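Student:
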Amino acid sequence: MAAMTTLDNRPDSALLVVDVQTAVVEGAYRRDEVVANIAALVRRARAKGVAVVWVQHSDADLVRGSDGWQIVPEMSPDDGEPVIEKHYGDAFEDTDLEQVLTDSGVGRLVVVGAETDACVRSTLHGAFTRGYDVALVGDAHTAGDKTQWGAPPVEAVIAHTNLYWSYQAAPGRTAAVATAAEIDLE
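1 is the number of the first residue of the sequence shown in the UniProt record's numbering; add one for each residue after it.
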């Protein structure tokens, strides 16, 4: 897919791996399958020379440096791959993500990670409103069960997010959803 981003001189794509941390995905819906899909995408991106940018959340309940804060053992950032530390849902808020992407000429993000109904969703919208083309990998994001607080079952949250993101539209940029097997990383 040709880039349409509203950002000038930003022809490249990046795989944005959001909060795939031990405590965040522990007990998440289809955790092992989603983590395996993300790990495969990381390998594909590296093989194609596509930037991989990692996002790691911390707050009072997810303490920086703790075991739960660590990226899952199935994958890890390579030397030179940026790791963005964040404290808010949207990975752009109060971080250097925008500068990292600008410096790398990135105008299109391929988004994977957790949690679908929080940080993934916030970051999708944050990127889109900032002018990026944004593709969500439909089988590479997940969340924990929040039905006790009135949320729909996770399977429905994921399906709804994939549905509405596939119909997002705005001038000069694109939104898309594809599976891990189908996604064009470039």
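Backbone N, C-alpha and C fix where the C-beta goes; we use that ideal spot for every residue, glycine too. Just so we're clear, the structure is a prediction, and the values are computed from it rather than from any experiment.
Taking residue 189 and Gly107 to be in contact with their CB atoms under 8 Å, please state how far apart those CB atoms are, rounded to whole angstroms.
Tutor: Only positions 1 to 186 of the chain appear in this structure, which leaves residue 189 out of reach.
Student: In the DSSP assignment, find the unbroken beta strand (DSSP E) run with Ser13 in it and report its ends.
Tutor: Residues Asp12 to Val18.
Student: In the DSSP output, what is Thr142 paired with across the bridge?
Tutor: Ala114.
Student: Please list the terminal residues of the continuous alpha helix (DSSP H) segment that includes Glu81.
Tutor: Unbroken run through Glu81: none, as it is neither H nor E.
Student: Take the Cβ of His160 as the centre, count every other Cβ of all protein chains shown within 10 Å, and call the residue buried at 16 or more, exposed below.
Tutor: Exposed is the call here.
Student: Using CA atoms only, rank isn't needed, just tell me which of Arg10, Met4, Asp19 and Leu15 is closest to Thr116.
Tutor: Considering only alpha carbons, the answer is Asp19.
Student: Does DSSP put residue 189 in a helix, in a strand, or in coil?
Tutor: Residue numbering for the chain in the displayed model covers 1 to 186; residue 189 lies beyond these limits and cannot be assessed.
Student: Are there 16 or more other CB atoms within 10 angstroms of the CB of Trp149, so buried, or fewer, so exposed?
Tutor: Exposed, by the Cβ-count rule.
Student: For Arg173, which three-state DSSP category applies?
Tutor: In this structure, Arg173 counts as strand in the three-state DSSP scheme.
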